[in-house]
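In what follows, a single structure is set out as structure tokens and then discussed.
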Amino acid sequence: MNTNEILIKTLYTSFQEKDFSTMKSCYADNATFSDTIFPNLNANEVRYMWEMLLSRGKDLTLTFENIVADDKKGSAIWIANYSFSATGNKVTNVIEANFEFENGKIIRHIEKFDFYTWSRQALGYMGFFLGWTSFLHQKVQKTAHENLIKFINKNNS
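In structure tokens:
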């Protein structure tokens, strides 16, 4: 494995071990993160996002595979299994992660997953009937962002 493949492996191994401090250290101070639920986060926000998800995801387990990277870019697939906190529903989420690196750190992290599949699992009937709509997608993003801001404010004081 090259150094960036090791960095990706460190990120996800730390995730498995619920070690958010090591996860945070994988990101550059100018890093950005974006996924289906948390779009356009800066480095500070992404670091707190992982801490928030780990602190709330009591039964979270994950696996990762297909780590590939060169000196500039990389990718991996990871699969998260957890109970969605708002409903208690079990979720299995398959996520495609893409990375850009600079000076041994992640500077850009973009993840993709099927929101409709996720929403059916996490939200039950509401996800089944509304998961394909931009209304529900935006509502979930707004709620997630509000929760992240509350978490940051609570842990920054």
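Here the sequence shown is numbered in the working numbering, starting from 4 and rising by one per residue.
C-beta: ideal position from N, C-alpha, C; glycine also.
Secondary structure within the stretch 85-126: the beta strand (DSSP E) runs of 3 or more consecutive residues, fully enclosed, are 93-105, 108-115 (chain order). Here ILE110 has ALA31, ALA34, GLU103 as same chain residues with Cβ atoms under 6 Å from its own Cβ, once five neighbours each way along the sequence are excluded. The beta carbons of THR6 and GLY107 sit closer together than 8 Å.
The shortest C-alpha to C-alpha distance from ARG123 to any of ILE113, LEU63, HIS140, LEU10 is the one to HIS140. Buried is the label assigned to GLY134, since at least 16 other Cβ atoms lie within 10 Å of its Cβ.
Per DSSP, reduced to three states, the secondary structure at PHE23 is helical. Across the set ASN45, LEU10, VAL143, the C-alpha of ASN45 shows the shortest separation from the C-alpha of ILE155. Taking LYS115 as reference, the option from LYS12, PHE36, LYS21 with the minimal CA-CA separation is PHE36.
Cβ-Cβ distances below 6 Å link ALA125 to PHE87, ASN92, VAL94 in the same chain, with the five nearest sequence neighbours on each side left out; the list follows chain order. Residue pairing from DSSP places LEU44 in a beta bridge opposite PHE36. Classified as exposed, SER137 has fewer than 16 neighbouring CB atoms from the shown chains inside 10 Å of its CB. In this structure, ALA79 places its C-beta atom within 8 Å of the C-beta atom of ALA100.
In the three-state DSSP reduction, TRP135 falls in the coil class, being neither helix nor strand.
Rounded to whole angstroms, the separation of the alpha carbons of TYR128 and LYS27 is 35 Å. Around the beta carbon of GLU48, 16 or more other beta carbons lie within 10 angstroms, which makes this residue buried. Per DSSP, reduced to three states, the secondary structure at ASN156 is helical.
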